[in-house]
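**Q** FYI, the numbering for the sequence shown is 1 to 161, going by UniProt numbering. Got a structure for you, written out below as structure tokens; questions coming shortly.
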Amino acid sequence: MMSVHLHVGQSQPHTSEAPVLQFLGKSKKRKRRSLETNDWISLHDHKIKGNSHTQYLIRIKVDNVVWSFWTRYSMLSELHSTLDEVIKSQLPAFPEKRLFGNLNPNFIQTRKQSLDIYLQAIFNDSQVRDSKVFQDFINNSKSKAFKKADLDSFHRFKLDV
């Protein structure tokens with residue numbers, strides 16, 4: 001299960017265009033433009049769920065819109081495997097799977113750092129970034145963030161959904 005958070009804001013005070021208006025009402029397909037130099041992805045945090053697995057908080061900023069979502073190692077591993085099938089060039093190494101001791105604090109910290117490096121590398125690789133697989137990953141995470149943010153606002157103001 002993926003949970004998400006959304007933050008919409010301008011990172012550059014001199015930018016006059018409202019970030020949320022950049023994509024609202026645009027139903028036509030548009031070609032993905034190059035990432036802005038201030039777009040980024042980071043693995044921001046982690047949490048252990050029960051005694052079974054670790055979830056990682058990924059934050060993404062594209063076009064002055066920032067959103068975050070929780071995901072598991074297995075979901076990122078699936079993304080890597082799918083990218084590996086469609087990308088012709090060599091992908092960065094993906095952190096290894098571990099069957100035992102994967103809740104060890106030292107292991108979690110090492111894996112978190114390795115996943116962060118991996119995500120930044122694929123985010124900054126134009127061949128990966130422009131692939132349909134990666135664009136789907138970005139767009140799905142953003143879409144879920146907006147849906148979750150909308151539901152949170154209904155609950156915050158005690159409105160019926």
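Yeah, the Cβ is synthetic: ideal placement off N, Cα and C, and Gly gets one too.
(1) Between the Cα of Arg98 and the Cα atoms of Asn38, Asp39, His53, Phe146, which residue gives the shortest distance?
(2) What does the alpha-carbon distance come out to for the pair residue 166 and Val128?
(3) Take Val62 as the anchor and find which of Ser114, Lys142, Lys147 has the nearest alpha-carbon.
(4) Would you kindly check if the distance between the Cβ of Asp116 and the Cβ of Leu57 is under 8 angstroms?
(5) Return the first residue and the last residue of the alpha helix (DSSP H) that Lys112 is part of.
(6) Tell me which same chain residues have a C-beta within less than 7 angstroms of the C-beta of Leu79, skipping the five on either side of it?
(7) Count the other CB atoms within 10 Å of the CB of Lys112; is the residue buried (16 or more) or exposed (fewer)?
(8) Relative to the C-alpha of Asp45, which residue among Asn64, Asp39, Ser68 is closest?
(9) Here's the rule: buried if 16 or more other CB atoms are within 10 angstroms of the residue's CB, otherwise exposed. What is Asn64?
(10) What are the residues that DSSP puts in a beta bridge with Lys47?
(11) Please report the straight-line C-alpha distance between Asp39 and Phe123, rounded to a whole angstrom.
(12) Let me confirm a value: Thr110 is counted as buried when at least 16 other C-beta atoms fall within 10 Å, else exposed. Which label applies?
**A** To lay it out plainly:
(1) Selected option, being the one with the closest Cα: His53.
(2) There is simply no residue 166 to check, as the chain begins at 1 and stops at 161 in what is shown.
(3) Lys142
(4) no
(5) 105-123
(6) Excluding positions up to five away in sequence, the list reads Phe137.
(7) buried
(8) Comparing Cα-Cα distances from Asp45 to each of Asn64, Asp39, Ser68, the minimum goes to Ser68.
(9) buried
(10) Gln55
(11) 9 angstroms
(12) By the neighbour-count rule (16 or more Cβ atoms within 10 Å), Thr110 is not buried but exposed.
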